[in-house]
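Asks:
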Amino acid sequence: MRLVAVGTGTVVPEKNRGCTCFYLESEGSRILLDCGSGAVQGLARRSLAWQTLTDLIVTHFHTDHVGAIPGLLFALKHGMRPTRREPLDVWGPRGTRRLFAALAEALGEFILDPGFPLRIHELSAGAPGRTADGLEVAVHGTPHTEESQAVRIRGDGATVAYTGDTGLPEGTAEALGAFLRGADVLVAECSLTDEEVGDNHLSPARLADLASEARPGLLWITHVYPHVRTRHDVAELVRSAGYEGTLRVVEDGDEWSRSHRA
Ligand SMILES: [Zn+2]
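Count along the sequence shown from 1, then add 19; that gives the number in our numbering.
(1) May I ask you to report which of helix, strand or coil DSSP gives Gly174?
(2) Taking 8 Å as the cut-off, decide whether the C-beta atoms of Ile240 and Arg267 are in contact.
(3) Can you tell which of Arg277, Leu131, Ser278, Glu270 has the C-alpha that lies nearest to the C-alpha of Cys282?
(4) Quick check on DSSP: helix, strand or coil for Gly160?
(5) Counting C-beta neighbours from all protein chains within 10 Å, is the total for Asp228 16 or more, i.e. buried, or is it exposed?
(6) Less than 8 Å between the beta carbons of Ala24 and Gly217, yes or no?
(7) Taking the straight line between their C-alpha atoms, what separation do you get for Pro136 and Pro89?
(8) Over what stretch of residues does the beta strand (DSSP E) that includes Leu237 continue unbroken?
(9) Three-state secondary structure (DSSP) at Gly86?
(10) Please find out if some non-hydrogen atom of ligand 1 comes closer than 7 Å to the beta-carbon of Asp218.
(11) Could you check if Arg36 is buried or exposed, using at least 16 other CB atoms within 10 Å of its CB as the buried criterion?
(12) For His140, verify whether its CB is less than 7 Å away from any heavy atom of ligand 1.
(13) Taking 8 Å as the cut-off, decide whether the C-beta atoms of His79 and His163 are in contact.
(14) My output table needs one value for Glu44: the three-state DSSP class, helix, strand or coil.
(15) If you run the structure through DSSP and keep just helix, strand and coil, what is His251?
(16) Whole-angstrom Cβ separation of Ser66 and Ala87, contact assumed at under 8 Å?
(17) Helix or strand or just coil, what does DSSP make of Ala169?
(18) Buried or exposed for Leu72, going by 16 or more other Cβ atoms inside 10 Å?
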């Protein structure tokens, strides 16, 4: 399995960071985790195969996580020679079908009918899906928006988990941590400082609590607001809040991989 950070930014436009997007590749899958503004160009810039994506996983409907979906589908329909025929599976929370229908209403039928089968699967907690390639996609609701979910992808000898956007109100670390537990890589948001954060995002101390429950092989910290990143050493704050595992504040282009037979 190979994981590439395509977009590690937030809603704030930045010179070197796109909005949220991660690319996960296994033997038979090329999966996007969220598709925020700039994602398609981010894939092309890193020579990642946007043309042959097999799955798109959407955690919630904020624009910095879904803004590039129309551009991706427009490129898959009109930007490829020869024409794409392979299906694309879209996985998201309840409301994903309605989102795509509304985008089609506004922008055109290519959203739902891009010239190849577009299959939308709405996932809920406790009822994981299985990709065409046999990977398990499980979700767990998060306190961020009404529909927001964390996701865990398992198969091909590895597990990758992703918080999406989430808060961690008092008493919720255990349940979300248990869902995310034991991933080889946990991609986690850390939007704001401990002083600023409310119950709909993570901060270094809240992330330390969550990651201490989840105990991933590697913690990738993403979605840090630029004013936090420039004023603080976020990795050090997470460590000093009590997290003892390996971690990294990721940048666009960072990669992790594990050989199937390693
Ligand atoms: Zn969000």
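Glycine included, C-beta positions come from ideal geometry on N, C-alpha and C.
Every value quoted in this text rests on a predicted model; they were computed, and no experiment measured them.
Replies: According to the structure shown:
(1) Three-state result, Gly174: strand.
(2) Going by C-beta atoms, Ile240 is nearer than 8 Å to Arg267.
(3) There is no way to answer for residue 282, as the model of the chain reaches only from 20 to 281.
(4) Three-state DSSP puts Gly160 in a strand.
(5) That one is buried.
(6) No, they are not a contact pair.
(7) Here the C-alpha atom of Pro136 lies approximately 16 Å from the C-alpha atom of Pro89.
(8) 237 to 241 is the span of the beta strand (DSSP E), which, as asked, contains Leu237.
(9) Here Gly86 sits in coil by DSSP.
(10) The answer is no for Asp218.
(11) Buried is the label assigned to Arg36, since at least 16 other Cβ atoms lie within 10 Å of its Cβ.
(12) No, the Cβ of His140 stays beyond 7 Å of every heavy atom of ligand 1.
(13) His163 sits close to His79, with the two beta carbons spaced by under 8 Å.
(14) Of the three classes helix, strand and coil, the one that applies to Glu44 here is strand, per DSSP.
(15) Reduced to three states, the DSSP call for His251 is coil.
(16) Contact flag wrong, Cβ pair sits at about 18 Å.
(17) DSSP places Ala169 in strand when its eight states are reduced to three.
(18) Leu72 is buried by the Cβ-count criterion.
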